[in-house]
Amino acid sequence: MKSVVKALYFVYQWLIAGPIFVVVTFITAIITAIGSLIGNKDFWGYYPPHWWSRFTCFIFLMRIEVKGRENIDPNTSYVFVANHQGAYDIWAIYGYLNHNFKWLMKKGLEKIAMVGWACKCAGHVFVDDSSVAGIKETISEAEQTLKHGMSLVIFPEGSRSWDGKMIPFKRGAFMLAAEFKLPVVPVTIDGSFKAMPRMTYNMTPTTIKLTIHKPIYPGERGFNTKLLMSQCRKSISSALPPEEQD
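Anchor point for the sequence shown: position 52 equals 71 in this note's numbering, and the numbering is continuous, going up by one each time.
Put into structure tokens, the structure is as follows:
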């Protein structure tokens, strides 16, 4: 029976949901880009992708459960740091975090047709870590973004996991948090690896759990970067299944 259901979903994914997703993504990118160019990029850069993400989870039959929204204030700027299990991390956060933000994303993503253009128009921050000058430029861009009361979302692992378990964190996200003295909110994503692992485009309908932990606030002297990184990793790990915890 399971094999029949899996086969039916495979057909549904590629012949029905997939084509609809491509069309809706194209339309969302255009709306986001044009809206951001002529109006409020904080609105157009968040709400069209927010509903696109919810639609994506719905059409591919993914269920999202969220815990801990009470830990964050919609009127406060944060640096959100989350583990990166798979592609559905993006849709889960965009669709269900319910907090306006900008992504801190890899420079290479700027080259993705339509989507990269839309992200650039919307004011998302692209990371150029190829040189010291590039890192300084990234910090400068992030500073301009945060001046307007915006939040940032970062995947400190830098790339998706190969097996669902967390890989080592990079210090960049935590250096930014220390630089701007913003509260840092660890976010645990559990289930997106099962939904769509890195090594395939085939999906499996499942429940993805998003756990928003309590913010970690800077002290009078800001953050100790290594300690902050350790605290965030411990918080994120605590909401994962035992076999995936550190």
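Glycine included, C-beta positions come from ideal geometry on N, C-alpha and C. Please read these numbers as outputs of a predicted model, since none were measured by experiment.
Only counting the same chain, and skipping five residues up and downstream in sequence, which positions put a Cβ closer than 8 Å to that of residue i?
i: D61; result: N119, G142, H167 and M169
i: D265; result: M185, R252, K253 and S256
Among the candidates the options, whose CA atom is the shortest distance from the CA of residue i?
i: E162; options: G105, G191, F199 and I173; result: F199
i: G238; options: G64, S254 and L247; result: L247
i: Y66; options: V204, I186, S211 and I112; result: I112
i: N179; options: D209, V203 and W70; result: Per the sequence presented here, residue 179 reads as Arg, with Asn not at that position. Looking at the Cα atoms, D209 is the closest of the given residues.
i: T244; options: L201, D108, L128 and T51; result: L201
i: A101; options: Y31, I173 and A137; result: I173
i: E89; options: I231, F145 and Q250; result: I231
i: I83; options: I235, T226, T44 and R240; result: T226
Ignore the nearest five residues each way along the sequence and tell me which others in residue i's own chain have a CB closer than 7 Å to its CB.
i: F188; result: P175, E176, M248 and R252
i: E263; result: G183 and K184
i: G58; result: none
i: W181; result: R217
i: T47; result: P67, P68 and W71
i: M81; result: Y107, A214, P224, T225 and I227
i: I39; result: I78
i: M194; result: T244
Is it buried or exposed, residue i, if we count other Cβ atoms within 10 angstroms and call 16 or more buried?
i: A132; result: exposed
i: L229; result: buried
i: L56; result: exposed
i: L116; result: buried
i: W122; result: buried
i: D92; result: exposed
i: S257; result: exposed
i: Y220; result: exposed
i: M20; result: exposed
i: S96; result: buried
i: V42; result: exposed
Using C-beta distances below 6 Å, list every residue in its chain close to residue i, excluding the 5 sequence neighbours before and after it, in chain order.
i: F77; result: none
i: C140; result: A52, S55 and L56
i: I235; result: V203 and Q250
i: V98; result: L171, A196, L201 and V203
i: K130; result: none
i: K86; result: T230
Pull up the DSSP beta-bridge partners for residue i, would you.
i: G238; result: G241
i: F99; result: V172 and V204
i: W122; result: V172
i: F193; result: According to DSSP, which records beta bridges pairwise, F193 is partnered with nothing at all.
i: R82; result: T226
i: D209; result: K228
i: F145; result: M124
Is the shortest distance between the beta-carbon of residue i and the beta-carbons of chain C less than 8 Å?
i: C140; result: Of the protein chains in this structure there is only one, and it is not chain C.
Check your understanding: Which residue spans inside the stretch 20-57 form an unbroken beta strand (DSSP E) run of at least 3?
Key -> none
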